[in-house]
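Written below as structure tokens is the structure these notes are about.
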Amino acid sequence: MLDAKKVIVCRCEDVTLYDVEKAIDEGLTDLELLKRKLRIGMGPCQGSGCLLLVASVLARKKRTPVSEVPLPVSRPPITPVQLKFFAGGKSG
Amino acid sequence: MAKRLIVVGAGVTGLMTAKFLVDRGFSDILVIDRKYPGSGGSFRCATGVRASFTSREHIKVMLRAIDLWPKLSKELGIKYSRDGYLWLLSRDRDVEFFREAVKFQNSLGVPTRLVTPEEVRELAPTINASSVVAAVYDPIAGKASCFDSVTNTLTHLLARGVEVKWGVEARKIAREGRGFVVETNIGSLRADSVLVAAGDGSRRLLETLGVDLPIRSLPKHALVTEAFRPVFKPLIIDWATSSYIVQLFNGNFYIGADIPEVYDTVAKVKLEFLRKAARVWTSYFPWLREVYVLRYWTGYYDMTPDHHPVIGPVEGLEGVYVAAGFSGHGFMMAPAVGEALASYILGERPLVPEFERLSPGRFARGELIKEIAVFG
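Quick look at the structure:
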């Protein structure tokens with residue numbers, strides 16, 4: 764039997780399948796809310812690892828197709844950028 | 190079936206109002222949001238909490254909020270800490286201004302004080318304070334998690350039978366009999382009373398009731414970096430550039446910086462913001478040059494002519510309440526605002542009398558309030 768507490772869904776923020784299912788059961792039935800509750804999609808990978816996984820868990824729980832689960836807005840930059848590239852000046 | 194109350198806007202203000210009502214036994218509440226709970230200013234804000242303002246109204250309201258934040262933190266598991274605010278001053282005229290502001294704040298019980306560049310270096314380790322003439326330190330200011338504030342209040346309400354629906358846009362409110370009907374994309378919703386706490390959508394919605402509030406939205410910009418172990422505690426403001434930086438609970442640095450913007454325009458991502466934010470804060474913290482920006486987003490300050498919010502019953506329209514126009518300070522005062530609105534809705538006067546000075550009718554009466562310490 765799969766132990767949901769041992770299944771890592773988001774590696775950046777150490778979120779387990781158990782955490783996701785618990786939050787959905789509490790009523791956070793939206794990826795935007797799960798993102799703020801669990802920090803999925805807020806690590807350096809920008810959600811590329813976890814968001815679709817969480818979307819599929821949410822779809823299963825809500826008994827809707829994954830295609831009907833709205834994805835959170837992607838914010839720039841697409842990949843992390845160091846502040847020195849915006850600050851200009853001498854390289855440090 | 191008519192509800193007892195419809196709250197338009199599931200931001201921190203609307204949710205906390207529902208929480209104070211439910212805790213006092215008021216039930217049958219429906220909260221609606223056009224996008225999702227927290228989707229407006231609540232999830233985008235800098236999460237700072239302070240009473241160091243320059244008007245009696247803001248100070249008194251915020252002192253009540255600072256009393257309530259630790260209680261809510263304990264009850265709802267909202268991360269909150271009194272890590273202070275530090276206002277960096279690099280011009281003599283600013284020091285003179287803040288000397289007066291500190292006197293005023295001290296007279297109302299806010300223990301702000303002027304500090305030297307040496308103290309700045311202690312309060313903000315690793316800072317390059319060479320341009321700092323003096324600073325103001327506010328030890329009772331701090332920060333709260335805006336994510337916890339929305340998600341934990343939301344689950345608290347859901348567990349107590351409050352109905353919260355999102356993806357529901359209120360388009361019109363009209364009187365119907367002794368109550369109100371709210372027209373939405375999912376049909377007509379009815380209630381005895383309505384609270385409009387819909388951020389920058391509040392003005393348009395209240396216009397449908399013939400209420401005109403002078404609220405304009407001003408685009409704002411913020412970014413967040415990757416996370417680190419704690420480096421410095423206070424939220425730090427560079428007064429000369431109206432920019433700020435705060436290390437959030439998770440370790441990320443949140444930076445806001447002021448760039449020229451036009452009222453009532455759509456907020457757009459601008460390279461100019463990234464340049465300004467990076468220049469101001471890498472000069473104070475040179476190591477930030479190596480730090481990665483993870484996300485950049487925009488939002489709005491809902492500004493009123495006197496930079497104070499509009500809170501309370503709408504005069505001449507019994508059963509309609511408003512909480513809008515927070516001018517950049519809605520998140521920090523939400524606990525006190527929720528408590529006060531709950532009092533109004535229960536037919537009582539708010540605990541903090543200064544709330545009555547924030548009534549929607551003050552603009553028509555010409556009773557504007559003066560506040561200068563708006564930044565970011």
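Protein chains in written order, with the numbering used here: chain A, 764 to 855; chain B, 190 to 565. Each residue gets a CB set at the ideal place from its N, CA and C atoms; glycine is no exception.
- When the Cα atoms are used, residue 209(B) and residue 296(B) turn out to be separated by approximately 30 Å.
- Collapsing the DSSP output to three states places residue 450(B) in coil.
- Close partners of residue 226(B) in chain A (Cβ separation under 7 Å): 796.
- Between residue 486(B) and residue 411(B), the C-beta gap is smaller than 9 Å, which places the two residues in contact.
- For residue 320(B), the secondary structure class from DSSP, reduced to helix, strand or coil, is coil.
- Residue pairing by DSSP puts residue 369(B) in a beta bridge opposite 364(B) and 380(B).
- In this structure, residue 802(A) keeps its C-beta atom at 9 Å or more from the C-beta atom of residue 484(B).
- As summarised for the stretch 392-433 of chain B, there are no continuous alpha helix (DSSP H) elements at least 4 residues long confined to that stretch.
- Excluding the 5 residues flanking it on each side, residue 338(B) has same chain C-beta neighbours closer than 6 Å at 201 and 267, in chain order.
- Against residue 411(B), chain A offers no close residue; the least beta-carbon distance is about 10 Å (beta-carbon pairs closer than 8 Å).
- At a C-beta separation below 7 Å, residue 415(B) has these neighbours in chain A: 807 and 843.
- With respect to chain A, the C-beta atom of residue 374(B) has no partner C-beta closer than 9 Å.
- Boundaries of the beta strand (DSSP E) around residue 278(B): 274-278.
- The beta carbon of residue 485(B) falls within 9 Å of a beta carbon belonging to chain A, placing the residue at that interface.
- Pairing residue 536(B) with residue 557(B), the inter-Cα distance amounts to about 25 Å.
- Look at residue 481(B): its C-beta is under 9 Å from a C-beta on chain A.
- Taken through DSSP and simplified to helix, strand or coil, residue 542(B) comes out as helix.
- DSSP places residue 282(B) in the helix class (H, G or I) of the three-state scheme.
- At least one beta carbon of chain B lies nearer than 9 Å to the beta carbon of residue 839(A).
- At least 9 Å separates the beta-carbon of residue 434(B) from that of residue 490(B).
- One finds 846, 849 and 850 in chain A with Cβ atoms closer than 7 Å to the Cβ of residue 467(B), taken in chain order.
- At a beta-carbon threshold of 9 Å, the residues of chain A lying near residue 464(B) are 849, 850 and 851, ordered along the chain.
- Residue 846(A) and residue 482(B) do touch by the CB rule: their CB atoms are close to 6 Å apart, below 8 Å.
- The bridge partners DSSP lists for residue 192(B) are 380(B).
- For residue 779(A), DSSP records a beta bridge to 771(A).
- A distance of 9 Å or more separates the beta carbons of residue 443(B) and residue 305(B).
- Here residue 500(B) is bridged, per DSSP, to 512(B).
- For the stretch 339-367 of chain B, the residues whose beta carbon sits under 8 Å from a beta carbon of chain A are, in order, 339, 340, 343, 344, 347, 348, 353 and 355.
- Residues of the same chain with their beta carbon placed closer than 7 Å to that of residue 449(B) are lacking, with the five preceding and five following residues left out of the count.
- Using beta-carbon distances, residue 471(B) counts as an interface residue toward chain A, with a partner under 9 Å.
- For residue 507(B), the secondary structure class from DSSP, reduced to helix, strand or coil, is coil.
- Of the residues assessed, residue 788(A) falls on the exposed side of the cut-off, its CB having fewer than 16 other CB atoms within 10 angstroms.
- Going by DSSP, residue 485(B) is part of the beta strand (DSSP E) stretching over 481-492.
- Contact check for residue 265(B) and residue 345(B): beta-carbon distance about 6 Å, within the 8 Å limit, so the pair qualifies.
- Within the same chain, Cβ atoms closer than 7 Å to the Cβ of residue 453(B) are found at 405 and 406, the five residues on either side in sequence being excluded.
- In the three-state scheme derived from DSSP, where H, G and I count as helix and E and B as strand, residue 353(B) is classed as strand.
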